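**Q**
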Amino acid sequence: MRTDILDIQAFYDSPLGAAARGFIAGRLEEAWGDVSRCRVAGFGYTAPYMPIFKKTERSLCLIPEGMGYVSDLRGCASCLTADLFWPLPDASMDRILIVHGLEEAAAPRRLMREVWRVLADDGRLIIVAPHRRGPWAMIESTPFSAGRPWSRTQLSRLLKGAMFTPAAWTSALYFPPLDYSFMIRASGAWERAGHHLWSALAGVTLVEAVKEIAMPVSGTKADVLNPARMLRPAGLQGNTRASSSSSLGQDKD
1 MRTDILDIQA FYDSPLGAAA RGFIAGRLEE AWGDVSRCRV AGFGYTAPYM PIFKKTERSL
61 CLIPEGMGYV SDLRGCASCL TADLFWPLPD ASMDRILIVH GLEEAAAPRR LMREVWRVLA
121 DDGRLIIVAP HRRGPWAMIE STPFSAGRPW SRTQLSRLLK GAMFTPAAWT SALYFPPLDY
181 SFMIRASGAW ERAGHHLWSA LAGVTLVEAV KEIAMPVSGT KADVLNPARM LRPAGLQGNT
241 RASSSSSLGQ DKD
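Okay, so the sequence shown: first residue is 1 according to UniProt numbering, each after it adds one.
1) With C-beta atoms as the reference, is S171 less than 8 angstroms away from T205?
2) Classify M230 as buried or exposed, calling it buried when 16 or more other Cβ atoms lie within 10 Å of its own Cβ.
3) Using beta-carbon positions only, say whether A19 and I139 come within less than 8 angstroms of one another.
4) Output the boundary residues of the alpha helix (DSSP H) element that contains P108.
5) Please look up how many angstroms separate the CB atoms of D4 and M67, rounded, as I've assumed it's under 8 angstroms.
6) Pick from D121, R132, G101: whose alpha carbon is nearest that of P89?
7) How is A25 classed by DSSP in three states: helix, strand or coil?
8) Let's see if you can read the secondary structure: which residues bound the beta strand (DSSP E) around A95?
9) Relative to the C-alpha of A10, which residue among V35, R27, P48 is closest?
10) Which partner residues of C79 appear in the DSSP bridge assignment?
11) Which residue comes first and which comes last in the alpha helix (DSSP H) that contains A189?
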């Protein structure tokens, strides 16, 4: 059971949600920079973050079918999708962003295998997940408290099991998830101090990962499902790529 999309949308429309969006978006911009020649897909509820990628070759918000649907996603082209059957061709996206998509997934590893299928061989994936020890995962006033929170060790194990290599880590949301005006006004100071001093208390973890192309010598086999067939959109024939360099950061654990 996923959090209703209307509840998530209401959170981001609040002052607390707007502040959270600003700090997470800042980390994403640092990581990916210019994506004007990229095809970008978001899975979960990524509409608040897609405007920073508005100059992309193509962008699409994939909404898990259990979340519900709203027609107005602030100009982001969107569609409902099953976790394990994305309506996209193989290797068709240069960048994939997951926010509010992993923590309530029924089969996280199989979801990651579907991400692997859709991501281009030289593409980049960023997952934004609630931090297991952070207050945002514990106080039930935000969508980041829903589902399963993740530690860096758990995320790393999940990614490696789905043939991804974690390339960079960072964190965000060091201020308490309290919708008080004085707290939100001070959130910038909390964020600056927390990033340098209290990384273990961050509200969310961001991990950037790249695909492993070679098959592993050993390991547990994952179930691979045939994707749903669809016509290839006109804008997906391009073969241009942006730089694969990352500046997401390398925070201490």
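We treat Cβ as the ideally placed atom computed from N, Cα and C, and that holds for glycine. Note that the structure is a prediction, hence the values are computed from the model and not measured.
**A** This is what the structure gives:
1) Counted from its first residue, the sequence shown places residue 171 at position 171. Counted from its first residue, the sequence shown places residue 205 at position 205. Yes. Within cutoff.
2) Taking the sequence shown and counting its residues from 1, the one referred to as residue 230 is at position 230. Model confidence at M230 stands at a pLDDT of 45, short of 50, so the residue's coordinates are unreliable and nothing is read from them.
3) Residue mapping note: residue 19 aligns to position 19 of the sequence shown, counting from 1. Residue mapping note: residue 139 aligns to position 139 of the sequence shown, counting from 1. Cβ distance not < 8 angstroms, so A19 and I139 don't count as in contact.
4) Locating residue 108 in the sequence shown gives position 108, where the first residue counts as 1. Taken as a continuous stretch (DSSP letters only), the alpha helix (DSSP H) holding P108 covers 108-118.
5) Taking the first residue of the sequence shown as 1, we reach residue 4 at position 4. Taking the first residue of the sequence shown as 1, we reach residue 67 at position 67. Right, the Cβ-Cβ distance comes to about 7 angstroms (below 8 angstroms), so this counts as a contact.
6) Along the sequence shown, one-based indexing puts residue 89 at 89. Here the closest residue by C-alpha is D121.
7) For the purposes of this step, residue 25 is identified with residue 25 of the sequence shown, where counting begins at 1. The three-state secondary structure of A25, taken from DSSP, is helix.
8) Position 95 of the sequence shown, counted from the start, is the residue given in the question as residue 95. For clarity, residue 95 is Arg in the given sequence; the question names Ala instead. Unbroken beta strand (DSSP E) run through R95: 93-99.
9) Against the sequence shown, residue 10 aligns to sequence position 10. Of the listed residues, the one whose Cα sits closest to A10 is P48.
10) Within the sequence shown, the letter at position 79 stands for residue 79. C79 is bridged to L62.
11) Reading the sequence shown from its first residue, position 189 is the one you call residue 189. Secondary structure note for A189: its alpha helix (DSSP H) is the uninterrupted segment 187-197.
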